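Using the working numbering, the first residue of the sequence shown is number 1216, and each one after it goes up by one. Everything on this sheet refers to the single structure shown next.
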Amino acid sequence: MSLLRIHCSLHAAPQTCQWALLGSGREALLGAGPLAQLPQRAERVQLVLPAGEVLITRARLPESARRRSGSVLAFAVEEQTLGEPDAHQVSWLGSVAGADVLAVVDRAGLQQWRDALEAAGIRGYELHCETLMLPWAPGEWSLAWDGREGFVRVNAFEGTTTDCGGPGAPPLSLRMM
């Protein structure tokens, strides 16, 4: 099975992107460039959002609001976000310790990428946050860190970005975990 991962920023115009084409038994093919030049015919496509552009937060929702996205969920996280609730795309991820876990992204930025992918002939894709793509096992956490900044996954549905650190001083947020 072939998998195309498209890495994008919701804060950047959807003109170019970095991508990886993964296939069973083959070495990954990496590239960057205009959306019109993306590899075609991948069996699965994932749009991967940077950790810093996805707010993962908890809220208590009525049972009927779970597994929905849209304005109902946007109002549930209104106090944790800036701006109007309608400016955010909010999705239910799951439940942890009796609370509902929600992912919040910029609605306008996501729509620009959706439109650009449609124009490039990509209609079916999964939406992922790089935070939740890190490996994880119960009772442990995973970290991606480039020596200055990074992100951490703490359970099946939650994670966050780290503050800045350096070679001699890891991020303060990690020392507080």
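Beta carbons are placed, not taken as given, at the ideal position from N, Cα and C, and that holds for glycine. Note that this is a predicted model, so its numbers are computed, not measured.
Ordered list of beta strand (DSSP E) runs contained in the region 1219-1269, each at least 3 residues: 1231-1238, 1241-1249 and 1259-1264
E1364 beta carbon less than 7 Å from that of C1379: On the sequence shown, residue 1379 is found 164 positions in, with the first residue counted as 1. On the sequence shown, residue 1364 is found 149 positions in, with the first residue counted as 1. In this structure, E1364 lies closer than 7 Å to C1379 by Cβ.
Environment of A1228 [buried if 16+ CB atoms lie within 10 Å]: Within the sequence shown, residue 1228 is the residue found at index 13, counting from 1. The residue is exposed, with fewer than 16 neighbouring Cβ atoms inside 10 Å.
Exposure label - L1245; buried when at least 16 CB within 10 Å: Reading the sequence shown from its first residue, position 30 is the one you call residue 1245. Looking at its Cβ environment, which holds fewer than 16 other Cβ atoms inside 10 Å, L1245 is exposed.
Beta-carbon proximity check, R1322 vs Q1295, cutoff 7 Å: Position 107 of the sequence shown, counted from the start, is the residue given in the question as residue 1322. Position 80 of the sequence shown, counted from the start, is the residue given in the question as residue 1295. For R1322 and Q1295, no; Cβs fall outside 7 Å.
Option in I1271, C1232 and E1268 with minimal Cα separation from P1254: On the sequence shown, position 39 is the one that residue 1254 refers to. Of the candidates I1271, C1232 and E1268, the one whose C-alpha sits nearest the C-alpha of P1254 is C1232.
Residues near H1343 by beta carbon distance below 6 Å, same chain, minus five either side: Taking the first residue of the sequence shown as position 1, residue 1343 is located at position 128. Cβ within range, chain order: Q1261 and V1263.
A1318 (DSSP reduced to helix, strand or coil): Position 103 of the sequence shown holds residue 1318. In the structure shown, A1318 sits in a strand (DSSP, three-state: E or B).
Candidates L1236, P1277 and S1306: closest to S1286 by CA position: Reading the sequence shown from its first residue, position 71 is the one you call residue 1286. For the residues L1236, P1277 and S1306, the minimum Cα distance to S1286 belongs to S1306.
Closest residue to R1273 among S1310, L1332, P1300 and S1224 (Cα-Cα distance): Taking the sequence shown and counting its residues from 1, one reaches residue 1273 at position 58. Comparing Cα positions, the closest option is S1310.
Contact check, R1259 vs A1235, beta carbons under 7 Å: In the sequence shown, the residue the question calls residue 1259 occupies position 44. In the sequence shown, the residue the question calls residue 1235 occupies position 20. Going by C-beta atoms, R1259 is not nearer than 7 Å to A1235.
Opening and closing residue of the beta strand (DSSP E) in which R1368 lies: Here residue 1368 corresponds to residue number 153 of the sequence shown, with the count starting at 1. Taken as a continuous stretch (DSSP letters only), the beta strand (DSSP E) holding R1368 covers G1365 to R1368.
Whole-angstrom C-beta distance between T1376 and W1360, which should lie under 8 Å: Taking the first residue of the sequence shown as position 1, residue 1360 is located at position 145. Taking the first residue of the sequence shown as position 1, residue 1376 is located at position 161. In fact, because the Cβ distance is near 10 Å, the residues do not count as touching under 8 Å.
S1310 - partner residues in DSSP beta bridges: In the sequence shown, residue 1310 corresponds to position 95, counting from 1. Answer is D1315.
Which residues DSSP lists as bridging T1272, in chain order: In the sequence shown, residue 1272 corresponds to position 57, counting from 1. Bridge partners of T1272: L1317.
Status (buried if at least 16 other CB within 10 Å, exposed otherwise) for G1248: In the sequence shown, residue 1248 corresponds to position 33, counting from 1. Counting Cβ neighbours within 10 Å, G1248 comes out exposed, since fewer than 16 surround it.
Beta-carbon spacing of V1316, E1373 below 7 Å: Counted from its first residue, the sequence shown places residue 1316 at position 101. Counted from its first residue, the sequence shown places residue 1373 at position 158. Yes. Within cutoff.
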